[in-house]
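**Q** Below is a structure I'd like to ask you about.
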Amino acid sequence: MKKRLAILVVLLCLVGLLINPGLAIAQTDPNSAKIRGQWETIPFRINGIQAVHTALLPNGKVLIVNGSSNRNTLTTDNKFVDGVDGRNPKVIDNSAIFNPEDGTFKHISSPLSVQNGQSNDPFCSGHIHLENGNILFISGSNRYYPGELFEGSKQTNVFDWTNETWLQVTPQLKEGRWYPSPITLADGKIVIFSGLKYGKPGQITPTIEIYDPVDNKFHYLDLTYVKNSPFNTKVSVDTYDTIDVYPRVFPTIDGKLLITGDGAGKFPLEVHKSIKSYLMSVNKDSAGKFTVSFEPGPDRKALSKVYGTGLLDPNNEGDVLLIGGILGTNDINAGRPYLGKTKEDLEKEGISIASSLERWVAPQHTDQPNGEWKIVENFLDKPRAMNLAVILPTKEILTINGGQFAEYNPVYEPLLMTANIMSPGGYKTTPMNPAKFPRLYHNGALLLPDARVLSIGGNPSRAARLEDGTVRVDVLPDPKEYYKIPTLRDNAGNVQEFSVEEYYKDPQHYFAEGDTLPFVPAEIWQAEIFSPPYLFKDGPRPVITTTEPLTLKYDTSSTISVKDGTAGGSVVLIKLGTVTHAFDYGQRLADLEITQDLSGTNSSISFKAPKNANLYPPGYYMLFYVNNDGFPSKAKIVNLKQA
Numbered sequence: 051m052k053k054r055l056a057i058l059v060v061l062l063c064l065v066g067l068l069i070n071p072g073l074a075i076a077q078t079d080p081n082s083a084k085i086r087g088q089w090e091t092i093p094f095r096i097n098g099i100q101a102v103h104t105a106l107l108p109n110g111k112v113l114i115v116n117g118s119s120n121r122n123t124l125t126t127d128n129k130f131v132d133g134v135d136g137r138n139p140k141v142i143d144n145s146a147i148f149n150p151e152d153g154t155f156k157h158i159s160s161p162l163s164v165q166n167g168q169s170n171d172p173f174c175s176g177h178i179h180l181e182n183g184n185i186l187f188i189s190g191s192n193r194y195y196p197g198e199l200f201e202g203s204k205q206t207n208v209f210d211w212t213n214e215t216w217l218q219v220t221p222q223l224k225e226g227r228w229y230p231s232p233i234t235l236a237d238g239k240i241v242i243f244s245g246l247k248y249g250k251p252g253q254i255t256p257t258i259e260i261y262d263p264v265d266n267k268f269h270y271l272d273l274t275y276v277k278n279s280p281f282n283t284k285v286s287v288d289t290y291d292t293i294d295v296y297p298r299v300f301p302t303i304d305g306k307l308l309i310t311g312d313g314a315g316k317f318p319l320e321v322h323k324s325i326k327s328y329l330m331s332v333n334k335d336s337a338g339k340f341t342v343s344f345e346p347g348p349d350r351k352a353l354s355k356v357y358g359t360g361l362l363d364p365n366n367e368g369d370v371l372l373i374g375g376i377l378g379t380n381d382i383n384a385g386r387p388y389l390g391k392t393k394e395d396l397e398k399e400g401i402s403i404a405s406s407l408e409r410w411v412a413p414q415h416t417d418q419p420n421g422e423w424k425i426v427e428n429f430l431d432k433p434r435a436m437n438l439a440v441i442l443p444t445k446e447i448l449t450i451n452g453g454q455f456a457e458y459n460p461v462y463e464p465l466l467m468t469a470n471i472m473s474p475g476g477y478k479t480t481p482m483n484p485a486k487f488p489r490l491y492h493n494g495a496l497l498l499p500d501a502r503v504l505s506i507g508g509n510p511s512r513a514a515r516l517e518d519g520t521v522r523v524d525v526l527p528d529p530k531e532y533y534k535i536p537t538l539r540d541n542a543g544n545v546q547e548f549s550v551e552e553y554y555k556d557p558q559h560y561f562a563e564g565d566t567l568p569f570v571p572a573e574i575w576q577a578e579i580f581s582p583p584y585l586f587k588d589g590p591r592p593v594i595t596t597t598e599p600l601t602l603k604y605d606t607s608s609t610i611s612v613k614d615g616t617a618g619g620s621v622v623l624i625k626l627g628t629v630t631h632a633f634d635y636g637q638r639l640a641d642l643e644i645t646q647d648l649s650g651t652n653s654s655i656s657f658k659a660p661k662n663a664n665l666y667p668p669g670y671y672m673l674f675y676v677n678n679d680g681f682p683s684k685a686k687i688v689n690l691k692q693a
């Protein structure tokens, strides 16, 4: 009897699979969307616009800004000229808006190319949201010199998201700041770190400026001789420390700013090699004068890196994570074997790409008064630079984009980091399905309000612009000729003329001489969107059904209604992202205290807004509800405001 019953069960299962074979795939296929996520390609439709600077707007659209993109000038006889005319409005007119809801792009105006009588090219600027959702762009490129020497501009611009126009901020910055890092304080003021000077190419400024949106002024402070500042701290007998360009700086629970030492160095700048970290406090007296003070932070377990990513840990409030990066060089061309340097050659020179996870443990989680650093050396599945870390509503982290070198050997598979106290570094890692396109230098990735992740950009070489505005991306650096248009072949060795359309059909189609990896164009103009595994959960997706609240006040309760809510759900706030050069200056996640009533058709959920404005400054956030199976709703965008 038992044997006949077992046979009957097997037959019924086989019949079920014949009727719906997808049932078996969902359970057994290790590459299924439920396990490794799913990609969608979004045709750019606007050729010539990449994505050096990207930011999510309060209406759910994405702002894309590039400025000149540092494109070489190409003469009619295919000669490359190292120089960019940032005062030419046609050269810097490379801005767009992407609408994730319908997958469309539209061209918009760029900032005026000349402002205050000076160049106003937003290429390599810093940017951050203001409390009202507008985006402040800081500095950019004033002048380009041969040999990759840059000057920072003194210009600032504000993008008004409500009517998609540009506003000029006056007065100017006191100092040029090419490659700066902005960070928002609890009261909405913005501290601007580092950057290359105006009028002095290749020199990092040892100053900060604090922008007050209320009085619309920049307050300038020189850090050179401030006690315990990096510029007043010796790292060898005759060498003082510095704050690298695009420094990775984070707020702490008690309102200080952690200067980690990581950044985004640029050849020919001297490589920043330091194990120092610093805690900076900002103070303002009754007369309105700003001062700063420094405390030595804990020494790191490894030397500082460039072009790794970092974030505030969504699962350990106040902790900081640094992931991947380049050790030992500022030359982002390093790693291309046809330029004469193999991986082994570079390692002999002390140059490598990190696969590590470094954690600054906040003082609240350790017995060390200024925190402590820990490191997991081989945390990533492979070395990664130019990667980004996107915080997801489930408090998971998606490490995405980049390559095993900054501009070479792309990494196509994102890595999903899921909190697990038993795993090294506190996170279990799972490789996701591979993207279609390479995303190296100048890539971007943002969490969207529908809980998908936008992946965009990529710029492993300097493209070339002709006088008529045509942009060629079939270029490569060359040790003899500076840059060149290479001879490309297909897999069979046949010479092929480059076509953007053909490349987007098959990114593995072209190969350059002397290279076994597929050719990557100088700029990637096509976007992709990744749907994490949580979007393929069984059962209905929860829906926030209320239109209110639109505004939240610190430490104050609000209520939402959720359709298909569950016991044990959660509500999180994620600040809108603003991304450039392997770092998101906006995102952070607040896990909110909630009370749920499941008695009606819709769940009534009361939640309390964050009380700590140091970690969660005023501005626009995405509010997600996540059910007990880790299935997030679409976000409601709210404004967290000061009292």
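Here the working numbering runs 50 ahead of the position in the sequence shown, where the first position is 1.
In this text, a Cβ means the ideal position worked out from N, Cα and C, and glycines have one as well.
Of the residues Ile624, Gly475 and Ala352, which one's Cα is nearest the Cα of Ala699?
**A** Since the first and last residues shown for the chain are 51 and 693, residue 699 lies out of range.
**Q** Between Ala640 and Gly374, what straight-line distance do the alpha-carbon atoms span, to the nearest angstrom?
**A** 24 Å
**Q** When the Cα atoms are used, what is the spatial distance from Ile75 to Ser82?
**A** Only weak support exists for where Ile75 lies, its pLDDT of 34 falling under 50; the value from the coordinates is given anyway. C-alpha separation (whole angstroms): 7 Å.
**Q** Please report the straight-line C-alpha distance between Leu308 and Pro297, rounded to a whole angstrom.
**A** 10 Å
**Q** Would you mind reading off the limits of the beta strand (DSSP E) that contains Asp210?
**A** Its beta strand (DSSP E) spans residues Thr206 to Asp210.
**Q** My understanding is that Leu497 touches Val440, with C-beta atoms under 8 Å, so please give their C-beta distance in whole angstroms.
**A** 5 Å
**Q** For a quick check, are the C-beta atoms of Ser611 and Asn652 less than 7 Å apart?
**A** yes
**Q** Tell me which same chain residues have a C-beta within less than 8 Å of the C-beta of Lys267, skipping the five on either side of it?
**A** Pro221 and Tyr261
**Q** Can you give me the Cβ contacts of Ile655 inside the same chain, cut-off strictly under 8 Å, excluding the 5 residues immediately before and after it?
**A** Thr609, Ile610, Ser611, Val612, Gly615, Gly619, Val621, Ile644, Thr645, Gln646, Asp647 and Tyr675
**Q** Taking only runs of the alpha helix (DSSP H) that begin and end inside the segment 113 to 150, which ones reach a length of at least 4 residues, in chain order?
**A** 139 to 142
**Q** Looking only at its chain, what residues have a beta carbon closer than 7 Å to the beta carbon of Leu567, apart from the 5 residues adjacent to it on each side?
**A** Asn459
**Q** Excluding the 5 residues preceding and the 5 following Ser145 in the sequence, name in chain order all residues of the same chain whose CB lies nearer than 6 Å to its CB.
**A** Val115, Ile158 and Ser160
**Q** By how many angstroms is the C-alpha of Phe173 removed from the C-alpha of Pro102?
**A** Residue 102 is actually Val in this sequence, not Pro. Straight-line Cα distance between these residues: approximately 8 Å.
**Q** From this set, Asn184, Asn138 and Gly136, which residue's C-alpha is nearest Lys111's C-alpha?
**A** Asn184
**Q** What are the start and end residues of the beta strand (DSSP E) that includes Val426?
**A** Glu422 to Val426
**Q** Hey, would you say Leu475 sits closer than 7 Å to Phe429, going by beta carbons?
**A** Here residue 475 turns out to be Gly, not Leu, going by the sequence shown. Yes. Within cutoff.
**Q** According to DSSP, is Glu463 helix, strand or coil?
**A** Correct three-state label for Glu463: coil.
**Q** Using the Cβ count rule (16 or more neighbours within 10 Å means buried), how would you classify Pro71?
**A** For Pro71, the pLDDT reaches just 39, beneath the cut-off of 50, and the residue's location in the model is therefore unreliable, although a value from the coordinates is still provided. Classification of Pro71: exposed, given that the 10 Å Cβ count is below 16.
**Q** Pop quiz: Asn662 and Gln100 are said to be a contact at Cβ under 8 Å. What is the actual Cβ separation, rounded to whole angstroms?
**A** No, Asn662 and Gln100 are not in contact; Cβ-Cβ is about 37 Å, not under 8 Å.
**Q** Is the beta carbon of Val525 closer than 7 Å to that of Ala542?
**A** no
**Q** What would DSSP say about Asp395, mapped onto helix, strand or coil?
**A** In this structure, Asp395 counts as helix in the three-state DSSP scheme.
**Q** When burial is assigned at 16 or more other CB atoms within 10 Å of the CB, is Asn97 buried or exposed?
**A** exposed
**Q** Classify Phe455 as helix, strand or coil using the three-state DSSP reduction.
**A** coil
**Q** Could you give the distance in angstroms between the alpha-carbon of Asn544 and the alpha-carbon of Glu551?
**A** C-alpha separation (whole angstroms): 18 Å.
**Q** Taking contact to mean at least 3 C-beta pairs separated by less than 8 Å, is the segment 233 to 240 in contact with the segment 195 to 211?
**A** Counting Cβ pairs under 8 Å, fewer than three are found: no touch.
**Q** If you draw a straight line from the C-alpha of Tyr553 to the C-alpha of Asn420, how long is it?
**A** For Tyr553 and Asn420, the distance between alpha carbons rounds to 51 Å.
**Q** Compute the Euclidean distance between the alpha carbons of Pro694 and Ala562, then round it to the nearest angstrom.
**A** Past the boundaries of the shown model lies residue 694; the chain is included only from 51 to 693, so the question cannot be answered.
**Q** Extract the residue ranges of the alpha helix (DSSP H) inside the segment 334 to 414, only unbroken runs of 4 or more that lie entirely within it.
**A** 393 to 398
**Q** Measure the CB-CB distance between Ala46 and Lys334 and report whether it falls below 7 Å.
**A** Past the edges of the chain, shown from 51 to 693, lies residue 46, and the structure says nothing about it.
**Q** With a threshold of 8 Å on Cβ separation, who are the neighbours of Gly360 within its own chain once the five nearest residues in sequence on each side are excluded?
**A** Arg298, Phe300, Thr310, Asp312, Val370, Leu371, Leu372, Ile373, Ala439 and Phe633
**Q** Can you check the segment 494 to 520 for any alpha helix (DSSP H) of at least 4 residues that lies completely inside it and give the ranges in chain order?
**A** Note on the segment 494 to 520: there is no whole alpha helix (DSSP H) run with a minimum of 4 residues.
**Q** Can you tell me which of the three DSSP states Asn282 falls into?
**A** Helix at Asn282.
**Q** Quick one: grab the DSSP three-state call for Leu673.
**A** Looking at Leu673 - three-state DSSP - the assignment turns out to be strand.
**Q** Taking Ser118 as the reference, give the member of Val134, Ser327, Leu124 and Phe130 with the closest Cα.
**A** Val134
**Q** Whose C-beta lies closer than 6 Å to the C-beta of Asn365 among residues of the same chain, with five residues either side of it excluded?
**A** Lys445 and Ala469
**Q** Answer with buried or exposed for Lys316, where buried requires no fewer than 16 other C-beta atoms within 10 angstroms of its C-beta.
**A** buried
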